[in-house]
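Peer 1: Take a look at this one; I'll ask things after.
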Amino acid sequence: MPFSMRVLKRNGNTESVSFDKVLQRIRKAAHGLKVNADGLAQQVLSQIYDGVKTTELDELTSQLAANLYTSNLDWGTLAARIAISNHHKKTVANFASVMLGLGAGIIHPKILALCADSEKAAQIEAAIDYKRDYEIDYFGFKTLERSYLLKDSDLVIRERAQHLWMRVALALWSDDLPKAFRTYDMMSTKKFTHATPTLYSSGTPRQQLSSCFLVAMDSDSITGIFKTLGDCANISKYAGGIGLHCHNIRARGSGIRGTNGVSDGIMPMLRVFNNTARYVNQGGRRSGSFAVYLEPWHADIEDFLKLKLNTGVEEERARDLFYALWISDLFMERVEQAGEWSLFCPDECPGLADVWGDAFRSLYMKYESEGKARKRVSAQKLWFLILDAQMETGTPYLCYKDAANGKSNQQNLGTIKSSNLCSEIIQYSSPDETAVCNLASLSLPAFVKDGCSFDFDELRRVTAVAIENLNRVIDINYYPTVETERSNMRHRPVGLGVQGLADVFAMLKMDWESPAAAELNQLIFEHMYYAAVETSAQLAEVQGSYSTFAGSPASQGRLQPDLWKVMPLTEKACKLDWASLREKASKGLRNSLLIAPMPTASTSQILGNNECFEPFTSNLYTRRTLAGEFIIINKYLMAELVERGIWSEDMKQEIVARNGSVQGISEIPSDIQARYKTAWEMKQRILIDMAAGRGAFIDQSQSLNLFVADPNYAKLTSMHFYGWKAGLKTGCYYLRTKAPVMAQKFTVDPRLLAAVAKGTTSSSNDQRKQDDEDNESESSDDDEDPAEKEKEKKRQERKELLDRLAAEYEKEAEKAKAAAYSGEGCLMCSG
């Protein structure tokens, strides 16, 4: 390194680069960690240039440390410490100064007024603990830095993480500092978090804090369609995700009475919505996102299922939208019975979208008997088109109309016609009311005590605070349309979810497939729902019930488990007084809906948890986000392997070669292999059983992804029918599949990859040695055309599908249904 190499300090002065100073900086940050500070300092100095800034030195050091994370978890801790320390050196440790510095164009007047009051500003500052920034991991901090921390007009970040949590807390409780500090404390200790739109916009001049909007098509007319389009654009402008139902739009070929013309149906219309989603992004941070819902009786359903396909005429595709089906029990029964299915135009056969259950069944069959169907198709053939679309694109989502309506506390409002962008919100919407939901999620790992038990008392306490906060969001929120404000003020729904369920199972060393895990999963949601209802009832005593409470199931003393006909485990064990809760709820609730486990894609990154209630999808992988590219490792698995003396570079390479799987690695004990199965390696029945177990305590729905590496008609049909018969409202959010050809892993020895393919690997170098001839002998013995084989395979599957379905699953589903209705146990827990 040339002696003339100089570094530019933060104060503007320059000095010669000093190895000792770089090393001293690293050693100070590495206190208590087992890392090679000297080696890292040498790496840093080998990559710097003359005139490098000290802030750039810190960024480089943290990046290099993060790259070593998979060899020792302490490197990740060091990376976070240096990155956060660097950020602290660039920002001011005073909330009021930061807010006043950002000023009126960025900060809400109420926050500025608090900060201008020296006494209150002092109280606020005294409540902040900046050391808690260092509890955030490197990946989480980079996510905050990229999207969440406020910037000034020159796009320079001015906030710290603690400022963000306090800004959110004060936005909610500017007139009640004790409640603000309570919220800050729980958020800054990672017990729960509000959703991304709330984190983005709290304390800013226009506080659009809601995540989800459910839009009804205004009317089947040019005026109505473009009014709805404008509403969607305005909602997307303020960072809202949209679920739109278009069951009432006339089908292709229908007459247009005003012009004597003929309708082109929903396809050209959806291309306009597609382009709007592309053009209007979410507050300048994320692309606009619309999910479109359609019932499968609509005459345009076959074209609808092709809109996202990768092939076909571009003018007949709208690939930037997401698609979902709102499915009746009658359709599923017709598929199961290999019956025919009739397709109708809503203009010629009105009312089908407006009814559910027996009323839908009667009206549908009436139109059939009157010969009003546009077309009759095999129900199974249409079902296979749905599965084809899922296998190629992961969508459509499958939501069950009758379960969604029959188990909703909003069923007194009218027929619910769709879910939202992520299929966890189930609310009534109409041309006069656009449903809205405000979200937050509990960080479940925060409730694990000493690595051996789960603190349900604290879970209920934090749930109560989160529900009160979400109720408050309704009152301070900015509403992008008149219809959104009308709906939210009338019904006051909220949605509390979770993140880190997989983390909890790992911390408690529970196998996902064990009865203990199934029980804990259900108990978590029992306690959450109980505390949420209790809190909403208490709020109603002071503030009054929501205006449409009368006539709801809750007003009759019927709560979510009653609608599922399930007895809570905590009621059987006399742990919670459900009878008293039913009585309280019957007298009034402040909120019509309360629980809605959502995907938590971004906020789980901030808190360092696995997403929502999902299993780990891999134990070692590279994740690319807007904040950069990160190597992600299952920290719990790595800690266990280190503790048992198994972790090594060779072991890491083998897990990489196996696409993040630990199955079949002889050095890893069987109990660890069982506990660290990925979502791809579990029977999907386990995930569906878990969803059904907690479903009886979720009054909205849940974003349930399903994982099938090599899908086919038989697997998907069996899986979806199992979920339908389990009573799920959302049968499938995304169907996750794997590409048939994996990308080359350039950091892995090709001989190891070949060995994995043959199933002959071990972590031992001796056992990895392969002859070159072995590596070249992977050709297929079958010369038959693969495309013809696949076609024949599909034909055979179609022929045998329903027999297999009945043989494999009918008995289990009926047994579970009987158990649920007898009150002897929770739905689907016996599996």
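For what it's worth, our numbering labels the leading residue of the sequence shown as 749, then goes sequentially.
C-beta: ideal position from N, C-alpha, C; glycine also.
For clarity, every value in this text was computed on a predicted model and none was experimentally measured.
Go ahead and pull the three-state DSSP assignment for R1306.
Peer 2: Coil at R1306, not helix or strand.
Peer 1: For a quick check, are the C-beta atoms of D877 and S833 less than 9 Å apart?
Peer 2: Going by C-beta atoms, D877 is not nearer than 9 Å to S833.
Peer 1: Fully enclosed by the region 1130-1193, which alpha helix (DSSP H) runs are 4 residues long or longer?
Peer 2: Complete alpha helix (DSSP H) runs here, min 4: 1149-1154.
Peer 1: What residues match up with Q1450 in a beta bridge as DSSP calls it?
Peer 2: Note: Q1450 sits in no beta bridge, so no partner.
Peer 1: Which one of V800, M1017 and K1165 has the shortest CA to CA distance from S764?
Peer 2: Considering only alpha carbons, the answer is V800.
Peer 1: Since I believe A999 is in contact with C1093 (beta carbons under 8 Å), could you give me their beta-carbon distance rounded to a whole number of angstroms?
Peer 2: Right, the Cβ-Cβ distance comes to about 4 Å (below 8 Å), so this counts as a contact.
Peer 1: Would you call the region 1124-1137 and the region 1150-1164 in contact, with 3 or more CB pairs under 8 Å?
Peer 2: No contact exists between the region 1124-1137 and the region 1150-1164.
Peer 1: Can you tell me the Cα-Cα spacing of Q1421 and E1216, whole angstroms?
Peer 2: Rounded to whole angstroms, Q1421 to E1216 spans 41 Å at the Cα level.
Peer 1: Suppose the cutoff is 8 Å on Cβ atoms and the five residues either side in sequence are ignored; what does the same chain contact list for N759 look like?
Peer 2: Cβ neighbours of N759 beyond the five flanking positions: none.
Peer 1: With respect to the beta strand (DSSP E) encompassing I1075, which residues constitute its N-terminal and C-terminal limits?
Peer 2: Run containing I1075: F1070 to I1075, per the beta strand (DSSP E) assignment.
Peer 1: Out of curiosity, what's the CA-to-CA distance linking D1530 and A1183?
Peer 2: Only weak support exists for where D1530 lies, its pLDDT of 40 falling under 50; the value from the coordinates is given anyway. Going by the C-alpha atoms only, they are around 55 Å apart.
Peer 1: Using the beta-carbon count (16 or more within 10 Å), is Y1041 buried or exposed?
Peer 2: Buried is the call here.
Peer 1: So the beta strand (DSSP E) V755 belongs to, where does it begin and stop?
Peer 2: It spans R754 to L756 - the beta strand (DSSP E) in which V755 sits, taken as one unbroken run.
Peer 1: Can you name, in chain order, every residue of its own chain whose Cβ lies under 7 Å from the Cβ of P1179, other than the five neighbours on each side?
Peer 2: For P1179, where only same-chain residues beyond five positions count, the Cβ hits under 7 Å are A964, D966 and S967.
Peer 1: Are the region 1324-1339 and the region 1278-1288 in contact at 8 Å, needing three or more beta carbon pairs?
Peer 2: The region 1324-1339, when compared against the region 1278-1288, does touch it at the 8 Å Cβ threshold.
Peer 1: Does the pairing of the region 807-823 with the region 915-933 give three or more beta-carbon distances under 8 Å?
Peer 2: In short, these stretches do not touch, since the Cβ pair count stays below three.
Peer 1: Here's a check: name, in chain order, each residue in its chain whose Cβ is nearer than 6 Å to the Cβ of D1077, leaving out the five neighbours to either side.
Peer 2: Excluding residues within five positions, the ones whose Cβ falls inside 6 Å are D1150.
Peer 1: Just list the residues that DSSP pairs T1478 with in beta bridges.
Peer 2: DSSP output for T1478 lists C1147 as bridge partner(s).
Peer 1: Given 8 Å as the limit, is there contact between the region 1233-1246 and the region 1160-1179, that is, 3 or more CB pairs closer than that?
Peer 2: The region 1233-1246, when compared against the region 1160-1179, does touch it at the 8 Å Cβ threshold.
Peer 1: Measure how close the beta-carbons of L1271 and T1318 come, nearest whole angstrom, since I'm counting them as under 8 Å.
Peer 2: Between T1318 and L1271 the Cβ distance is about 7 Å, and since that is below 8 Å, they are a contact.
Peer 1: Starting from the C-beta of D1419, find all residues in its chain whose C-beta is less than 6 Å away, skip the five residues before and the five after it, and write them out in chain order.
Peer 2: The answer is none, since no qualifying residue turns up.
Peer 1: Mapping DSSP to helix, strand and coil, what is K899?
Peer 2: Here K899 sits in strand by DSSP.
Peer 1: Can you tell me whether DSSP reads C960 as helix, strand or coil?
Peer 2: Of the three classes helix, strand and coil, the one that applies to C960 here is strand, per DSSP.
Peer 1: So is E1309 buried or exposed if we call it buried at 16+ other beta carbons inside 10 Å?
Peer 2: Glu is not the amino acid found at residue 1309; the sequence shown has Pro there. That one is buried.
Peer 1: How would you write the range of the alpha helix (DSSP H) that W913 sits in, first residue to last?
Peer 2: From DSSP, the alpha helix (DSSP H) with W913 extends over A909 to L920.
Peer 1: Whole angstroms is fine: what's the gap from G1305's alpha carbon to D1102's?
Peer 2: Using only the alpha carbons, I get a separation of about 26 Å.
Peer 1: Just verifying my parser: in three-state terms, what is the DSSP assignment at R1124?
Peer 2: R1124: strand per DSSP, three-state reduction.
Peer 1: Between the alpha carbons of M1139 and A1440, how many angstroms are there, rounded?
Peer 2: For M1139 and A1440, the distance between alpha carbons rounds to 24 Å.
Peer 1: Judging by CA-CA distance, which residue of G1443, A1107, R829 and S922 is the nearest neighbour of T1478?
Peer 2: Ranking the options by Cα distance to T1478, first place goes to G1443.
Peer 1: Note down the Cα distance separating V770 from N1022, rounded to an integer number of angstroms.
Peer 2: Answer to the nearest angstrom: the Cα atoms are 52 Å apart.
Peer 1: Since A943 and S959 are thought to touch, with beta carbons under 8 Å apart, how far apart are those beta carbons, to the nearest angstrom?
Peer 2: Right, their Cβ atoms sit about 5 Å apart.
Peer 1: For S1352, which residues in the same chain have their Cβ closer than 6 Å to its Cβ, ignoring the five residues on either side in sequence?
Peer 2: Excluding sequence neighbours, S1352 sits near Q1247 and E1359.
Peer 1: Thinking just about the alpha-carbon of each residue, which of Q1432, K1257 and L1483 is nearest to the one in A1474?
Peer 2: When only C-alpha atoms are compared, the closest one is Q1432.
Peer 1: Just list the residues that DSSP pairs L1089 with in beta bridges.
Peer 2: Looking at the sequence provided, one finds Trp at residue 1089 rather than Leu. BP columns for W1089 point to V1125.
Peer 1: Return the Cβ separation of V1252 and P1193 in integer angstroms, given the expectation that the two are a contact with Cβ distance under 8 Å.
Peer 2: The Cβ separation is near 6 Å, so the contact holds.
Peer 1: Could you tell me the boundaries of the alpha helix (DSSP H) in which E1289 lies?
Peer 2: Taken as a continuous stretch (DSSP letters only), the alpha helix (DSSP H) holding E1289 covers P1263 to Q1291.
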